[in-house]
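Here our numbering is used: the first residue of the sequence shown is 1, the next is one more, and so on.
Even for Gly, the Cβ is constructed at its ideal location relative to N, Cα and C.
Computed from a predicted structure; not experimentally measured.
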Amino acid sequence: TFPAGVDLAHAFEELTSHHLGIAPVVDDDRLLGVLTRTGILRSTIYRPALDDAGRLMVGAAVGINGDVAGKAESLLSHGVDVLVVDTAHGHQDRMLEALATVVQARDRHAARTGRRAPIAAGNVVSAEGSRDLAEAGADIIKVGVGPGAMCTTRMMTGVGRPQFSAVLECAAAAKESGASVWADGGVKYPRDVALGLAAGAANVMIGSWFAGTYESPGDLMRDPDGRLYKESFGMASARAVRNRTREQSAFARARSALFEEGISSGRMYLDPARPGVEDVLDSIVSGVRSAFTYAGATTIGQFHARVIVGLQGSAGYDEGRPRHTSW
C-alpha cells in the first residue's frame with residue numbers, strides 16, 4: 001500500500017520493482033483510492049477540468065423545443081458549467097428564439113450567483129450561421145452537419161459540408177464576433193483532432209470512437225469471430241425515434257417512424273490495444289501533442305496562429321498512410 005501524498009515517481013518505481021500493476025492508497029484504515037503505473041504516467045500529462053469548487057465540469061444540452069427556459073434554469077441551479085442549445089439545423093429562426101431565451105435565463109442566474117456559464121449553440125457549417133448565432137448571444141459555435149459515423153444526413157438529404165472546410169470558415173467568422181468554435185464530429189484518427197484545432201476550433205467533439213470502449217453505455221457483445229463491440233446508433237435514427245416517442249400514441253409514433261436520418265445499429269469494435277476510453281485519449285493526445293511540436297506551439301492559441309493550411313489530394317493522403325505489409 002501507499003500513504004496519502006506519496007511521491008508519484010517513487011510509487012511508480014515501487015510498483016515496477018515489485019512487478020505490480022496496482023496498489024491501494026490508504027490513510028490509516030481508510031481507502032483513498034488506487035494507483036496504477038499507467039495512471040501515474042497519465043497524471044503527469046493530464047489535468048482534470050474542474051470548476052471553482054473542485055468538481056468535474058459538466059455541460060448539458062437543452063435543445064430548442066419545449067420549456068427551454070425552464071430546462072436551462074434547472075440545469076444552472078444544479079451547477080452545470082456549459083449550456084448547449086443543440087439541434088441538427090442550427091441556422092433557423094427557432095434556434096435564434098431559443099438561444100435568446102437561454103441567454104436571458106443564464107443572465108438572470110448570473111445576476112443572482114455571479115456564475116456566468118458559457119452557452120454553446122449549433123450546429124452550423126457557414127460563416128453566416130456562425131455570425132448569426134454569435135450575435136444572438138452564443139459564446140461557442142458548434143460546427144458540423146453530417147460528418148458523424150452514425151449520421152446519414154448527407155446521404156438522405158444532400159445537406160452538409162466537409163468538416164475541415166466548415167470549421168475553417170466558421171472559426172474565422174466566430175473569431176470576428178468574439179466567439180469560439182467546437183468541431184463536432186468526423187473524427188476517425190488523431191490527425192482529425194489536430195486538423196480540427198488547426199482549422200481554428202477550440203475544442204473537438206468525439207462520439208463513435210469513444211462508443212467502442214469499455215466505459216461507453218450499452219452491453220458488451222461478441223461477434224462470431226469473438227471480437228468485442230458495443231452497439232451504437234444515431235440520434236435521428238429509427239431506433240432513437242422509437243425511444244423518444246414511446247409515450248406518444250400509436251398513430252403519432254407511426255408518423256414519426258416514417259422519417260429517419262441515422263444508423264439504427266452500428267458495431268463499434270473495441271481496439272484490443274486500446275479498449276478503454278483513457279487508452280483512446282492517450283492515442284489522441286499523443287498525435288495532437290506531436291502536431292503541436294511540428295508547429296512550434298505550446299498552446300491551442302499558438303497552434304491557431306502558426307499552422308499553415310494547405311490542400312492535399314487523395315494520392316497525397318494515401319502516401320501518408322502506413323503500410324503493414326510490403327508492396
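Alpha-carbon to alpha-carbon, residue j and residue i
i	j	result
A127	D93	16 Å
F2	P275	28 Å
L50	M57	5 Å
R106	R55	20 Å
N243	D27	46 Å
A166	N203	14 Å
G316	L197	21 Å
G301	A257	45 Å
L96	Y229	39 Å
A60	V6	36 Å
L133	G310	28 Å
A69	G129	23 Å
I140	A88	16 Å
V102	G114	17 Å
L75	R30	34 Å
R37	M205	28 Å
According to DSSP, residues forming a beta bridge with residue i
i	result
Y229	M221, Y269
V80	BP columns for V80 are empty, so no partner.
K175	K175 pairs with nothing; no bridge assigned.
N203	W182
Simplified DSSP assignment, three categories, for residue i
i	result
F164	helix
P147	coil
D279	helix
S286	helix
R274	strand
G70	helix
N65	coil
Option in the options with minimal Cα separation from residue i
i	options	result
V307	S314, G313, T298	T298
V84	S77, V124, A138	A138
I119	R267, Q248, V181	V181
E135	K175, P24, V125	K175
Y46	E319, T153, W327, D279	D279
R154	S286, I141, L168, V125	V125
A172	D192, A149, A199	A199
V82	A72, V34, A149	A72
G218	H91, P224, E231, D225	E231
A53	G63, Q104, G79, D86	G79
Any 3 or more C-beta pairs closer than 8 Å across the stretch 278-295 and the stretch 179-186: no
Any contact of the stretch 138-151 with the stretch 106-115, i.e. 3+ C-beta pairs under 8 Å? Judged by Cβ distances under 8 Å, the stretch 138-151 makes no contact with the stretch 106-115, as fewer than three pairs qualify.
Can you find at least 3 beta carbon pairs, one from the stretch 212-229 and one from the stretch 267-281, that sit closer than 8 Å? yes
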